[in-house]
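Number of protein chains: 2
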Amino acid sequence: MALDVLDTQTSEEQLLQVNQALSSGMFVHVRQMLHHMACADVAFLLESSPTKTRMVLWQMVDHDQQGEILEELPEDVKDSLISQMSAESLASATAGMDTDDLAYILRSLPDSVYQEVLQSMDTQDRHRVEQALSYPDDTAGSLMNTDTVAIRPDISVDVILRYLRIRGELPEATDTLYVVDKRDKLLGGVAITTLLTCDPNITIKKLMNQELEAIPVDMEDSKVSMLFERHDWVSAPVIDNDGKLLGRITIDDVVDVIREDAEHSMLSMAGMEDDVDTFGPVFKSTLRRSLWLTVNLFAALLAASVSSMFEGTLEQFATIAILMTIVPSMGGVAGNQTLALVIRGLALGHIGDSNARWLIGKELAIGFLNGLIWALLIFVVVWLWKGEVSFAILISGAMLVNLTVAGLAGAAIPLLLKKLNIDPALAGGMALTTITDVIGLFAFLGLATLVLL
Amino acid sequence: MALDVLDTQTSEEQLLQVNQALSSGMFVHVRQMLHHMACADVAFLLESSPTKTRMVLWQMVDHDQQGEILEELPEDVKDSLISQMSAESLASATAGMDTDDLAYILRSLPDSVYQEVLQSMDTQDRHRVEQALSYPDDTAGSLMNTDTVAIRPDISVDVILRYLRIRGELPEATDTLYVVDKRDKLLGGVAITTLLTCDPNITIKKLMNQELEAIPVDMEDSKVSMLFERHDWVSAPVIDNDGKLLGRITIDDVVDVIREDAEHSMLSMAGMEDDVDTFGPVFKSTLRRSLWLTVNLFAALLAASVSSMFEGTLEQFATIAILMTIVPSMGGVAGNQTLALVIRGLALGHIGDSNARWLIGKELAIGFLNGLIWALLIFVVVWLWKGEVSFAILISGAMLVNLTVAGLAGAAIPLLLKKLNIDPALAGGMALTTITDVIGLFAFLGLATLVLL
Chain V
1 MALDVLDTQT
11 SEEQLLQVNQ
21 ALSSGMFVHV
31 RQMLHHMACA
41 DVAFLLESSP
51 TKTRMVLWQM
61 VDHDQQGEIL
71 EELPEDVKDS
81 LISQMSAESL
91 ASATAGMDTD
101 DLAYILRSLP
111 DSVYQEVLQS
121 MDTQDRHRVE
131 QALSYPDDTA
141 GSLMNTDTVA
151 IRPDISVDVI
161 LRYLRIRGEL
171 PEATDTLYVV
181 DKRDKLLGGV
191 AITTLLTCDP
201 NITIKKLMNQ
211 ELEAIPVDME
221 DSKVSMLFER
231 HDWVSAPVID
241 NDGKLLGRIT
251 IDDVVDVIRE
261 DAEHSMLSMA
271 GMEDDVDTFG
281 PVFKSTLRRS
291 LWLTVNLFAA
301 LLAASVSSMF
311 EGTLEQFATI
321 AILMTIVPSM
331 GGVAGNQTLA
341 LVIRGLALGH
351 IGDSNARWLI
361 GKELAIGFLN
371 GLIWALLIFV
381 VVWLWKGEVS
391 FAILISGAML
401 VNLTVAGLAG
411 AAIPLLLKKL
421 NIDPALAGGM
431 ALTTITDVIG
441 LFAFLGLATL
451 VLL
Chain L
1 MALDVLDTQT
11 SEEQLLQVNQ
21 ALSSGMFVHV
31 RQMLHHMACA
41 DVAFLLESSP
51 TKTRMVLWQM
61 VDHDQQGEIL
71 EELPEDVKDS
81 LISQMSAESL
91 ASATAGMDTD
101 DLAYILRSLP
111 DSVYQEVLQS
121 MDTQDRHRVE
131 QALSYPDDTA
141 GSLMNTDTVA
151 IRPDISVDVI
161 LRYLRIRGEL
171 PEATDTLYVV
181 DKRDKLLGGV
191 AITTLLTCDP
201 NITIKKLMNQ
211 ELEAIPVDME
221 DSKVSMLFER
231 HDWVSAPVID
241 NDGKLLGRIT
251 IDDVVDVIRE
261 DAEHSMLSMA
271 GMEDDVDTFG
281 PVFKSTLRRS
291 LWLTVNLFAA
301 LLAASVSSMF
311 EGTLEQFATI
321 AILMTIVPSM
331 GGVAGNQTLA
341 LVIRGLALGH
351 IGDSNARWLI
361 GKELAIGFLN
371 GLIWALLIFV
381 VVWLWKGEVS
391 FAILISGAML
401 VNLTVAGLAG
411 AAIPLLLKKL
421 NIDPALAGGM
431 ALTTITDVIG
441 LFAFLGLATL
451 VLL
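Keeping their order, the protein sequence lines are chains V and L. The numbering used here numbers the first residue of the first sequence as 1 and each following residue consecutively. The numbering used here numbers the first residue of the second sequence as 1 and each following residue consecutively.
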């Protein structure tokens, strides 16, 4: 058989084919297509389908594939499928699942189903899962699998090689065997590539990497992903406070964390929760988005009440009303540029106490420079448009003030929120726009009132 | 020696210590600290430092570490350091670098330096790099390394094991040996864990995975990262059109692509380029941000010219001027929520021709539902605030129109931009806000003019 060269259109085409078959009611055909697809591809198909189609497809999936498919799905989609499954089908689907994924699913089950699933497992598995359930979400423990291969330091490579041959298959993404003492304390690691290339008579003790870095089980998951990224790890051992080997984290789970963290910043800045399901139902989606719109309504009313303070000016000069949205708009964009940069810097750990002040100073300088440039431009534009120099002076003064404030606020707000333990990606954008709107209106309408009245 | 348990504060503390030592002028001490730090940590430190400090630190880095540190840095920072280096130090720094990183650096050099660096390499390396340079940026070829270990199908595992022992060390993140025929055509792969656990007398042909998926050298890099994510690969072979093995891509390079793609969406939506340097110089930063502000100035002027069309209404009713910013503001937020969701769906490949229409319909429905909710709320608020029911009716009518349009535009704009091959993350936000501003003002001021005048 020839090698399977990947067609870049495959998944898009599969999606189309399955949808066509579904809408023509060719259910037997769909069932066959699903049967022949890789679990990861079925997961992709489910994730890309509207809620109703998703449920129909899920009914057609082979029962022994369901577990592996669930492992591949994002949380929101996983939850919606699990909630429709009976205790028995859940128990059979979860058999043989990785401990971290199994623990996630068990966490979201009602108590009765939970017990039933637990009962269906053998003692060793049940013990492992109960262990996994004891680690809080978003820590190294919740990312960890217990499928490590541990060896002793005082035996020779030759013995290990024979042991591995008897043992048979190694867990996926195994790149290191961990060396432990009698009490399971982690002493070091031996890369399996080293086992292949070294002299078989040497003992593990002489071969092992004692500098192997281990991850404490309570480390935050985003810290874990940063370490994987920085050190290009494929897997890393996880230990408890006494240095005892508990399990290992593999790069595929870390990739999910990296993706989620990065998406979190983007979606939160737009006022969306990050586990939101693109194809979820309308009412649920509407409700989930309303919080942000509520907050924005208050922000917009605050801005309107600023304008309201200058009602007299607005009554006399319609031109002022026409021009008054320009300065807040420019401030919002300039401030958001700074904000996005600082939020990314915070997420990557680049910004800390040692350089925060420098950064605020830099962004303030950029804000002032921006202010000068755009004040000049808007002066020319408004002068040409309205033909009156007083309006042009007013708006360019307000522009300088607001863009300077925008630079300062764009840098200072996320740093401040971080200090207060509030997620800067979530609250930063709204706080910033409120400030640039209020200051922008205040500066322009205030100046206008002082000068014109 | 005990195992190195990671302190989660390490890099933050290192940053602080180096900065303190620098500012007290203890340069010898700093040089020593840098000497003892891992290359990845030095890279992190450089990335987290203001431009001037970065240059001072770079002078102090051991010359034989410079290559590895450059490999770890993001493009903008890498470029700024390279531009300061002499041809000789570049040549020595790049010796032994991975082909993909080396190709990146060579691409950004002036011709004379480029030739000098090429001359300093041995024939085989030079050939490899010239090959790597021939692949366009953002394709599988540019991510690829040529450090594959290839074997023949007709020999036994035992022979391979002896060969590997003679060969010594394997390239980093090697999890599969590739099986090729005489003409380097890829036939399959053997996981190195399989080599450890199988019967040594078996031939490679019987053992190899013929279903091994290979990546065509011209595949887009974001497609490559999607495949790695979906199939949990650690490495994958890269082939040309004839199925010839060219090299391999490893997960560490793919993680960078995933991170960059996800950050790209977030930063572009805020109007920033994604290789922007958080600690770059003020003037350069100001210039790079001005494009977006220019575009926004036009958008803001367009909105102002809409208001200008209703100058008569604004002259007579200052209240209308005060309330006119609320509807565009709500439309912008609602539209951006949809936009962020659709942009993420497009980036993950979840949205295609088969479900685009469904999605637009769903978002339109959410927009209308949102419109009803917020129209009702703003009606109550404005009635209570201004005490006049006519203003309240006007603003709630405009709100319903604008939020429905926002839902439609938030979904349709990115899909349309994607069809036109324009990056939706970059252009989507500005296009959306322009539409919600213009429609919001038009609806409110238009209704007011019809009803009140």
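Ideal Cβ positions, reconstructed from N, Cα and C, are used throughout, including at glycine.
Rounding to the nearest angstrom, what Cα-Cα distance links Glu-263/V and Arg-344/L in this structure?
Along the first sequence, one-based indexing puts residue 263/V at 263. Along the second sequence, one-based indexing puts residue 344/L at 344. Approximately 8 Å, taken between the alpha carbons.
Taking beta-carbon pairs under 7 Å, can you tell me which members of the segment 427-444 of chain L lie near chain V?
none
Thr-330/L: contacting residues in chain V (beta-carbon distance under 7 Å)
Taking the second sequence and counting its residues from 1, one reaches residue 330/L at position 330. The question names Thr, but residue 330/L is Met in the sequence shown. Going along chain V in sequence order, the residues near Met-330/L (Cβ under 7 Å) are Leu-293, Asn-296, Leu-297, Ala-300.
Output the boundary residues of the alpha helix (DSSP H) element that contains Ala-214/V.
Numbered from 1 along the first sequence, position 214 holds the residue referred to as residue 214/V. Run containing Ala-214/V: none in the alpha helix (DSSP H); it sits in the beta strand (DSSP E), 213-216.
Return the chain-ordered list of same chain residues with a C-beta closer than 8 Å to the C-beta of Gly-96/V, the five sequence neighbours on each side being excluded.
Counted from its first residue, the first sequence places residue 96/V at position 96. Cβ neighbours of Gly-96/V beyond the five flanking positions: Gly-67.
Beta-ladder partner(s) of Gly-189/L, from DSSP:
Counting from 1 along the second sequence, the entry for residue 189/L is found at position 189. In DSSP, Gly-189/L forms a bridge with Tyr-178/L, Asn-209/L.
At the level of alpha carbons, what is the spacing between Lys-52/V and Lys-52/L?
Walking along the first sequence from the start, residue 52/V turns up at place 52. Walking along the second sequence from the start, residue 52/L turns up at place 52. If you take the alpha carbons of Lys-52/V and Lys-52/L, they lie about 58 Å apart.
Give the secondary structure of Thr-139/L by DSSP, where H, G and I count as helix, E and B as strand, and everything else as coil.
Residue numbering aside, residue 139/L sits at position 139 when the second sequence is read from its first letter. Note: Thr-139/L maps to strand in three-state DSSP.
Taking the DSSP output, what are the residues bridged to Ser-156/L?
Position 156 of the second sequence, counting from 1, holds the residue named residue 156/L. Bridge partners of Ser-156/L: Thr-203/L.
Would Ser-235/L and Asp-261/L be called neighbours here (beta carbons separated by less than 8 Å)?
By 1-based counting over the second sequence, the position of residue 235/L is 235. By 1-based counting over the second sequence, the position of residue 261/L is 261. For Ser-235/L and Asp-261/L, no; Cβs fall outside 8 Å.
What span of residues does the beta strand (DSSP E) with Thr-250/L cover, start to end?
Numbered from its first residue, the second sequence carries residue 250/L at position 250. Element bounds for Thr-250/L: 245-250.
Any chance the CB of Thr-94/V is under 7 Å from a heavy atom of the ligand FMN?
The model on display carries no ligand, and the ligand FMN is accordingly not part of it.
So is Leu-339/L in contact with chain V if we call contact Cβ pairs under 8 Å?
For the purposes of this step, residue 339/L is taken as residue 339 along the second sequence, with counting starting at 1. Chain V contact via Cβ: present.
With DSSP as the reference, label Ser-92/V as helix, strand or coil.
For this step, residue 92/V is matched to residue 92 along the first sequence. In the structure shown, Ser-92/V sits in a helix (DSSP, three-state: H, G or I).
Provide the residue span of the alpha helix (DSSP H) that contains Ala-132/V, from first to last.
Start at 1 with the first residue of the first sequence, and residue 132/V comes out as number 132. Run containing Ala-132/V: 123-133, per the alpha helix (DSSP H) assignment.
Quick check on Arg-259/V - is its C-beta less than 8 Å from some C-beta in chain L?
As a working mapping, residue 259/V is identified with position 259 in the first sequence. Chain L contact via Cβ: present.
So, for Ala-40/V: in the same chain, excluding its five sequence neighbours on each side, which residues have a beta-carbon less than 7 Å away from its beta-carbon?
What you label residue 40/V is simply residue 40 of the first sequence in a count that begins at 1. Taken in chain order, the residues that qualify are Glu-72.
Shorter than 8 Å from the beta carbon of Pro-50/V to some beta carbon of chain A?
Within the model displayed, chain A is absent; protein chains V and L are what it includes.
Let's test the definition: count the other Cβ atoms within 10 Å of the Cβ of Glu-13/L and tell me whether it reaches 16, buried, or not, exposed.
Mapped onto the second sequence, residue 13/L falls at position 13. When all chains shown are included, Glu-13/L counts as exposed.
Residues in the same chain with beta-carbon distance under 7 Å from Ala-2/L, minus the five sequence neighbours each way, listed in chain order, please.
As a first step, residue 2/L must be located in the second sequence, where it is residue number 2. Only weak support is given to the placement of Ala-2/L: the predicted model assigns it a pLDDT of 41, under 50, and the value that follows is read from those uncertain coordinates. If we look at Ala-2/L and ignore the five residues flanking it on each side, it has no Cβ neighbours.
When the cut-off is 8 Å and only beta carbons count, does Arg-107/V lie next to chain L?
By 1-based counting over the first sequence, the position of residue 107/V is 107. Output row for Arg-107/V: interface = no.
Environment of Asn-296/V [buried if 16+ CB atoms lie within 10 Å]:
Start at 1 with the first residue of the first sequence, and residue 296/V comes out as number 296. By the 10 Å Cβ count, Asn-296/V comes out buried.
Own chain residues within Cβ distance below 6 Å of Thr-449/L, not counting five before or after:
Residue 449/L sits at position 449 when you count from the first residue of the second sequence. Contacts found: Phe-310, Thr-313.
Under a Cβ-count criterion, where at least 16 other Cβ atoms within 10 Å of its own Cβ denotes burial, should His-127/V be classed as buried or exposed?
What you label residue 127/V is simply residue 127 of the first sequence in a count that begins at 1. Flag for His-127/V reads exposed.
With C-beta atoms as the reference, is Val-405/L less than 8 Å away from Gly-331/L?
Position 405 of the second sequence, counted from the first residue, corresponds to residue 405/L. Position 331 of the second sequence, counted from the first residue, corresponds to residue 331/L. Closer than 8 Å, so yes.
Grab the span of the alpha helix (DSSP H) containing Ser-80/V for me, first residue to last.
Position 80 of the first sequence holds residue 80/V. Here the alpha helix (DSSP H) through Ser-80/V covers 75-82.
Expressed to the nearest angstrom, what Euclidean distance is found between the alpha-carbon atoms of Ala-299/V and Ala-38/L?
Locating residue 299/V in the first sequence gives position 299, counting from the first residue. Locating residue 38/L in the second sequence gives position 38, counting from the first residue. Distance between the alpha carbons of Ala-299/V and Ala-38/L is about 47 Å.
Roughly how many angstroms separate the alpha carbons of Asp-158/L and Arg-162/V, rounded to a whole number?
The residue you call residue 158/L lines up with position 158 of the second sequence. The residue you call residue 162/V lines up with position 162 of the first sequence. Spanning the two alpha carbons is a distance of roughly 13 Å.
Measure the alpha-carbon distance for Gln-20/V versus Lys-418/V and round it to whole angstroms.
The residue you call residue 20/V lines up with position 20 of the first sequence. The residue you call residue 418/V lines up with position 418 of the first sequence. Between Gln-20/V and Lys-418/V, the C-alpha separation is close to 49 Å.
Is Ser-167/V buried or exposed, if buried means 16 or more other CB atoms sit within 10 Å of its CB?
Translated into positions along the first sequence, residue 167/V becomes position 167. According to the sequence displayed, residue 167/V carries Arg and not Ser. It counts as exposed.
Can you find the residues in the same chain that come closer than 8 Å, C-beta to C-beta, to Ser-112/V, ignoring five residues on each side of it along the sequence?
As a working mapping, residue 112/V is identified with position 112 in the first sequence. So the qualifying residues of the chain are Ala-87.
Quick one: does Thr-8/V have its CB under 8 Å from some CB of chain L?
Counted from its first residue, the first sequence places residue 8/V at position 8. Reliability fails at Thr-8/V, whose pLDDT of 42 lies under 50, so the model's placement of it is uncertain and no value is given.
Could you check if Thr-146/L is buried or exposed, using at least 16 other CB atoms within 10 Å of its CB as the buried criterion?
Numbered from its first residue, the second sequence carries residue 146/L at position 146. By the 10 Å Cβ count, Thr-146/L comes out buried.
Beta-carbon spacing of Ile-204/V, Ile-151/V below 8 Å:
Taking the first sequence and counting its residues from 1, one reaches residue 204/V at position 204. Taking the first sequence and counting its residues from 1, one reaches residue 151/V at position 151. Yes, the pair counts as a contact, with Cβ atoms nearer than the cut-off.
For Ala-431/L versus Asn-336/V, is the C-beta distance shorter than 8 Å?
Counting from 1 along the second sequence, the entry for residue 431/L is found at position 431. Counting from 1 along the first sequence, the entry for residue 336/V is found at position 336. No; because the gap between Cβ atoms is not below 8 Å, this pair is not in contact.
Just to confirm, are Ser-265/V and Ala-347/V a CB contact at a threshold of 8 Å?
In the first sequence, the residue the question calls residue 265/V occupies position 265. In the first sequence, the residue the question calls residue 347/V occupies position 347. For Ser-265/V and Ala-347/V, yes; Cβs fall inside 8 Å.
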